[in-house]
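In this note's numbering, the protein residues as written are 30 to 553. A virtual CB, placed ideally from N, CA and C, is assigned to each residue, including glycine. Only a predicted model underlies this, so the values are computations on that prediction, with no experimental measurement involved.
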Ligand SMILES: *Cc1c(COP(=O)(O)O)cnc(C)c1O
């Protein structure tokens with residue numbers, strides 16, 4: 030082992046693992062192999078030692094199951110080990126730096142968790158009478174006020190459950206506003222080439238037609254091309270700021286003014302708000318709607334598609350069209366929930382409802398905890414440190430990897446590299462797989478599409494200099510190998526439980542159900 034200035038680093042083994050015979054168990058030291066529960070469990074084993082109930086007749090009648098359910102059984106310790114082993118095959122923000130660009134994989138402070146677990150928050154039910162959940166509604170309201178203040182907007186829809194869901198909310202507001210004006214015929218939504226795939230998908234889902242706007246050589250929107258396309262058929266533009274090349278769209282105000290002048294609306298994809306929180310208010314740039322991914326900027330966990338949260342801030346023009354329910358505070362300081370039954374004639378323009386209840390309460394509690402523990406000045410520091418860390422990565426690696434926009438000035442919260450200059454036959458995927466052997470989750474790859482073989486690295490502000498140096502060292506080492514044409518990199522990862530998988534096949538033909546292998550021939 031060596032200690033270098035970038036922290037602890039094991040020496041690269043002389044040979045790869047092919048030179049060492051496989052272990053008897055298939056385990057690689059503490060990296061344990063794990064079979065499917067169907068393969069290790071059997072229907073006769075159970076971790077439960079309670080006898081079946083007697084003396085109570087089933088009320089299921091003819092619906093009662095007659096055949097055994099056939100689920101695999103394990104004893105309690107086997108069950109605990111099975112799921113613990115599986116959990117160890119995952120990478121997590123609590124294990125190390127997670128450089129996924131655009132995803133803002135920052136540390137989730139434990140204080141957030143502590144607050145969210147307080148019984149008064151954790152045990153509330155969305156159908157409780159409003160009188161009994163004043164505190165919870167107070168949290169939603171206070172968070173709403175912070176989001177409005179931080180963005181300089183007029184209102185906020187709290188219920189959307191992810192960034193993409195928020196995009197849909199914003200576009201439905203725009204649609205409702207256009208229809209109210211009798212301009213439902215405006216169908217075109219302009220989306221820059223570098224946009225996240227959810228932007229065009231959302232616009233199409235909401236019934237609009239998507240047209241691409243090209244990027245200029247500096248990685249920003251081609252403002253002239255955008256302006257040239259504006260006209261009476263344009264409903265909106267969807268612009269990500271900072272954009273997915275990690276650059277601030279300096280012309281956004283000019284673009285917004287031009288879009289408004291022709292009667293369109295400006296949707297801003299706020300997934301990258303982390304870079305500007307406390308420094309820039311999107312409302313000042315003429316934005317009409319913007320989602321905020323609480324699981325990005327405000328440190329709530331990114332949980333397997335579950336507990337995301339994507340509130341949407343709205344301009345004065347769009348606020349009346351926002352969805353139900355929302356909270357208000359009456360003259361006595363009581364919080365009210367405005368829903369279909371309570372809206373009366375006061376909110377005729379709402380486009381309706383997006384979710385069964387009020388949004389992700391647990392995420393609201395975490396996000397508000399994060400905001401209050403940082404304060405306004407602390408949030409500003411978040412943006413500054415996130416940008417500083419990304420620029421440190423950009424400048425540390427620009428001589429090793431091609432950095433297409435290095436000349437465009439400092440980046441924002443993420444640094445972008447391309448596969449230009451790698452040895453023939455080597456690509457971004459080889460670098461990503463090599464990083465796995467180094468113990469890192471790969472960066473975002475092949476996105477945005479405007480950069481060939483893109484590698485988008487977002488360190489976030491929660492990484493120390495030592496952690497950044499270690500990551501930079503690892504990425505530099507893997508990149509040097511890819512430039513030198515190191516054949517071992519083509520079959521990386523070597524130290525992971527599985528080596529290189531056919532990702533296309535896995536995505537196109539996923540095997541999602543266990544099928545018992547055919548019985549071995551009895552005669553044998
Ligand atoms: C993450 C992201 C989204 C989608 O947000 P989800 O919360 O994952 O639905 C949209 N646009 C950009 C630029 C993103 O980074």
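How big is the Cα-Cα spacing for residue i and residue j?
i           : j           : result
residue 119 : residue 458 : 19 Å
residue 174 : residue 312 : 14 Å
residue 103 : residue 79  : 15 Å
residue 309 : residue 491 : 20 Å
residue 472 : residue 271 : 18 Å
residue 363 : residue 165 : 12 Å
residue 494 : residue 488 : 11 Å
residue 427 : residue 101 : 53 Å
residue 444 : residue 469 : 17 Å
residue 50  : residue 74  : 34 Å
residue 508 : residue 448 : 9 Å
residue 395 : residue 86  : 46 Å
residue 334 : residue 191 : Confidence in residue 334 is poor, its pLDDT being 49 and thus under 50, which makes the residue's placement unreliable; the coordinate value appears in the next sentence. Each residue's Cα considered, the two are about 8 Å apart.
residue 245 : residue 479 : 10 Å
residue 58  : residue 135 : 30 Å
residue 178 : residue 328 : 18 Å
residue 535 : residue 529 : 12 Å
residue 223 : residue 70  : 48 Å
residue 297 : residue 180 : 11 Å
residue 438 : residue 451 : 24 Å
residue 399 : residue 306 : 13 Å
residue 44  : residue 483 : Residue placement at residue 44 cannot be trusted, given a pLDDT of 46 that sits under 50; the coordinates are not used to answer.
residue 82  : residue 94  : 15 Å
residue 342 : residue 184 : 6 Å
residue 256 : residue 284 : 7 Å
residue 194 : residue 367 : 21 Å
residue 330 : residue 133 : 11 Å
residue 532 : residue 227 : 21 Å
residue 405 : residue 455 : 46 Å
residue 237 : residue 216 : 5 Å
residue 559 : residue 414 : Because the chain is modelled from 30 through 553, residue 559 falls outside the range shown and cannot be assessed.
residue 239 : residue 519 : 38 Å
Does the beta-carbon of residue i have 16 or more other beta-carbons within 10 angstroms, so that it is buried, or is it exposed?
i           : result
residue 543 : exposed
residue 176 : buried
residue 12  : The structure shown does not extend to residue 12, since the chain is modelled only from 30 through 553, so no value can be given for it.
residue 53  : exposed
residue 129 : buried
residue 77  : exposed
residue 163 : exposed
residue 151 : exposed
residue 633 : The chain is shown only over 30 to 553; residue 633 falls outside these bounds and no answer can be derived.
residue 63  : buried
residue 538 : exposed
residue 546 : exposed
Since residue i is in the beta strand (DSSP E), which residue starts that stretch and which ends it?
i           : result
residue 251 : Looking at the DSSP string, residue 251 is not in any beta strand (DSSP E), and its letter there is neither H nor E.
residue 353 : Per DSSP, residue 353 belongs to no beta strand (DSSP E) and is neither H nor E.
residue 219 : 217-221
residue 365 : 364-367
residue 240 : 238-242
residue 318 : 318-320
residue 343 : 341-343
residue 264 : 263-269
If you follow the alpha helix (DSSP H) that residue i is in, where does it begin and where does it stop?
i           : result
residue 67  : 66-69
residue 105 : 105-117
residue 234 : 227-234
residue 148 : 148-151
residue 484 : Per DSSP, residue 484 belongs to no alpha helix (DSSP H); it is in the beta strand (DSSP E), 484-486.
residue 202 : 192-209
residue 288 : 281-290
residue 393 : 390-426
residue 496 : 494-513
Is there a Cβ of chain B sitting closer than 9 Å to that of residue i, yes or no?
i           : result
residue 390 : No chain B appears in the structure shown, which is made up of a single protein chain.
Are three or more beta carbon pairs between the stretch 274-289 and the stretch 240-254 nearer than 8 Å?
yes
Residues around ligand 1, please: the condition is that the C-beta lies closer than 7 Å to some non-hydrogen atom of it.
131, 132, 191, 192, 193, 194, 196, 225, 227, 228, 269, 273, 298, 300, 301, 322, 324, 325, 337 and 339
Would you call the stretch 339-350 and the stretch 147-159 in contact, with 3 or more CB pairs under 8 Å?
The answer is no - the stretch 147-159 does not touch the stretch 339-350, with fewer than three Cβ pairs under 8 Å.
Would you check if there are 3 or more beta carbon pairs closer than 8 Å linking the stretch 383-399 to the stretch 140-151?
yes
Please determine if the stretch 76-96 and the stretch 113-128 are in contact, where contact requires at least 3 C-beta pairs separated by less than 8 Å.
no
Counting beta carbon pairs with one atom in the stretch 289-296 and one in the stretch 254-267, are three or more of them shorter than 8 Å?
yes
Touch test, the stretch 199-207 against the stretch 223-240, Cβ-Cβ under 8 Å, three pairs minimum:
yes
Would you call the stretch 204-212 and the stretch 420-436 in contact, with 3 or more CB pairs under 8 Å?
Cβ pair count under 8 Å is below three, so no.
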